[in-house]
Structures are given as structure tokens and as C-alpha cells.
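Residue numbers (the working numbering), protein chains in the order written: chain A, 1 to 125; chain B, 126 to 250. Structure record follows, encoded as C-alpha cells.
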DNA sequence: ATAGCACCTGGAGCGGACTCCAGGTCAAGG
DNA sequence: CCTTGACCTGGAGTCCGCTCCAGGTGCTAT
């Protein structure tokens, strides 16, 4: 599968796909004789994984995960530890965002009341 | 209240507090005769607001909110619209992060099973 | 009077996550 | 053959959200 097809399938630009490979977010993609990327099922799996995870896990952790994966069975525990730590951090950030959201909701409600009051006053005049 | 005291109270560096003011995340802080910042209750309120919101809302939107606020009553509706739009975006990002978290949980569970199986095999030998 | 310290400003630097570009290669079609 | 178009590479540029720095000012304590 060409980079263009992968790009279209996952909604990631070709540049982004090359970037992911460059920095080691996904293992080297197989190439044709002339050096053109030819994504196989394994590569597609990595692309899908990274696309999904990159919203919540940083590049650095994901490259480390990819590196460990390529080292084989011996790194199973290290990989799990990495994922657990990333989960902790993600939960923390989500909790902060939830606080922002709560605050946003409070403020919006407040504006609603404020605007409704002005409305009534206008009609009362 | 000096910048140092505010810094300690909210756990934000003095540099960050100056930065917030510089880019207009909070309105100009009152100064002493010699130009030193002297935070009053209103400024503290802004600092607290920004600290809470910055986890979920971008700088640009927050500066715009601050700008509108300083323009007075006329901008009530615009401010509300801004908050509603930011809430929409925040919910979207949180949803993406939730997907990452789900995926992370699945993978961790998988590693757990994998490691447990290896454990059993080891004991079985 | 002077040393020391907290504070000021404008501007540069940084890390993360892309995004864009110039210049080059290759396979296919006219 | 020669052009065209998709792909390649390495490197530079961009945006965000800080963070650091140099050089300067002013209060305070000795």
C-alpha cells in the first residue's frame, strides 16, 4: 500500500506518516526495490495505533514503546510499565481538563442567566 | 500582593505570570509608584481563572475572552459564544483522549495476560 | 554610600508535533 | 526518448506555551 493510500485511509498527511517513521513512532516500513514505501499489515497496524494514541500519549513515550517492541519478548515488562505510567499521566491531564470543562460550564450558565435578565429588562421597558 | 506571593499561592512561576499579562491573558496588573506589580483581588481572580482554564482552552481564545471582557457589557453575547465554542472543542479533545485511554487500558490488560501466561509456563517447567 | 536583592523589560531560546521545501530519483505514458 | 507526476531525503520553518537571560531600576539594610 502506498503512502498516499495510507494517508487517505487514516486522514494523516504523507508528511506526517514519514515524520512518524523518521522519529521512530513506527518501525521502518518495507520498501519497493526503488525505495518507495510499501505499507504492509504490520505497518498499517502501527499507523492506526499511533493515530489513536497520539491524542493522549506524547511522542517520546510512543517512540520508546516502539523501540522496546522491536527489541522483542524481553521488554514485555518494560513496555507494560511504560503504558501504565502513560495512563497515569493521561488520567491526570484528563482530570485537569475536566476541571476546565466544569468551569466553562459554570461560566456559560452564568452568562445565560445574565443575558436572560437583560432580556427581561428590555421587555419590561 | 507581589508577583512572588502570587507565584507561590498559585504555583505558577513569576515568568509565567508576567507572560500571562504580556500576551493579554489577564488585564494589566496595578503597579506601585516604581512600576512593581501589585496584584489586587481582580488580578488574582484572573490568575486563578487562567490557571484553571489553561488546561483545556488555548491561549488565543483566552486572550480574546479577556479582550472582550475589558470592552464591557456590549460583549456579553460574544463572550458567551466564545465559551460555548471552546467547550465544544474541549469536549472533542477529551473524547479523543478517552479513546487513547481505552486503548491504553486494553493494551495493559493484554500485557497482563501475556505476562501471567509466561509466569505459569515458567512455574510449569 | 554601597551592597544586595527583588523586580522590571524586551528579546532570545526551547520542546513538542508537525509542516513545508528544494533538489533528486524512478516508472509509466505519449 | 522525454515529460510528467508521485515519491524520496535532509533540513528548515511554524505555532504554542512557556522559560531563560542580559541589562537596568529601585528599596533596604548595614
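Using N, Cα and C, we set each Cβ at its ideal position, and we do this for glycine too. Bear in mind that the values here come from a model prediction, so they are computed numbers and not experimental data.
Euclidean distance between Cα positions of residue i and residue j
{"i": "residue 86(A)", "j": "residue 57(A)", "result": "7 Å"}
{"i": "residue 189(B)", "j": "residue 133(B)", "result": "27 Å"}
{"i": "residue 98(A)", "j": "residue 185(B)", "result": "20 Å"}
{"i": "residue 43(A)", "j": "residue 187(B)", "result": "40 Å"}
{"i": "residue 122(A)", "j": "residue 17(A)", "result": "56 Å"}
{"i": "residue 125(A)", "j": "residue 89(A)", "result": "54 Å"}
{"i": "residue 45(A)", "j": "residue 34(A)", "result": "24 Å"}
{"i": "residue 229(B)", "j": "residue 91(A)", "result": "11 Å"}
{"i": "residue 29(A)", "j": "residue 6(A)", "result": "12 Å"}
{"i": "residue 240(B)", "j": "residue 72(A)", "result": "14 Å"}
Within 7 Å, strictly: CB atoms of residue i and residue j
{"i": "residue 219(B)", "j": "residue 164(B)", "result": "no"}
{"i": "residue 156(B)", "j": "residue 162(B)", "result": "yes"}
{"i": "residue 96(A)", "j": "residue 180(B)", "result": "yes"}
{"i": "residue 175(B)", "j": "residue 83(A)", "result": "no"}
{"i": "residue 243(B)", "j": "residue 111(A)", "result": "no"}
{"i": "residue 47(A)", "j": "residue 10(A)", "result": "yes"}
{"i": "residue 106(A)", "j": "residue 225(B)", "result": "no"}
Own chain partners of residue i with C-beta closer than 6 Å, once the 5 adjacent residues on each side are dropped
{"i": "residue 199(B)", "result": "none"}
Close-in-space but distant-in-sequence residues of the same chain around residue i (CB under 7 Å, 5 per side omitted)
{"i": "residue 129(B)", "result": "139"}
{"i": "residue 195(B)", "result": "152"}
Per-residue contacts from residue i into chain A (C-beta, under 7 Å)
{"i": "residue 215(B)", "result": "97, 100, 101 and 104"}
Within chain B, the residues that residue i reaches when beta carbons sit closer than 8 Å
{"i": "residue 47(A)", "result": "Residues of chain B passing the Cβ test: none, with the nearest at roughly 14 Å."}
{"i": "residue 52(A)", "result": "224, 225 and 228"}
Terminal residues of the alpha helix (DSSP H) in which residue i lies
{"i": "residue 145(B)", "result": "139–147"}
{"i": "residue 249(B)", "result": "201–249"}
{"i": "residue 188(B)", "result": "184–196"}
{"i": "residue 170(B)", "result": "166–178"}
{"i": "residue 129(B)", "result": "128–135"}
Beta-carbon proximity list for residue i, same chain, < 8 Å, skipping 5 on both sides
{"i": "residue 67(A)", "result": "24"}
{"i": "residue 78(A)", "result": "68"}
Proximal chain B residues relative to residue i, where beta-carbon distance stays under 9 Å
{"i": "residue 56(A)", "result": "221, 222, 223, 224, 225, 226, 228 and 229"}
Contacts of residue i in chain A (Cβ-Cβ under 8 Å)
{"i": "residue 209(B)", "result": "108"}
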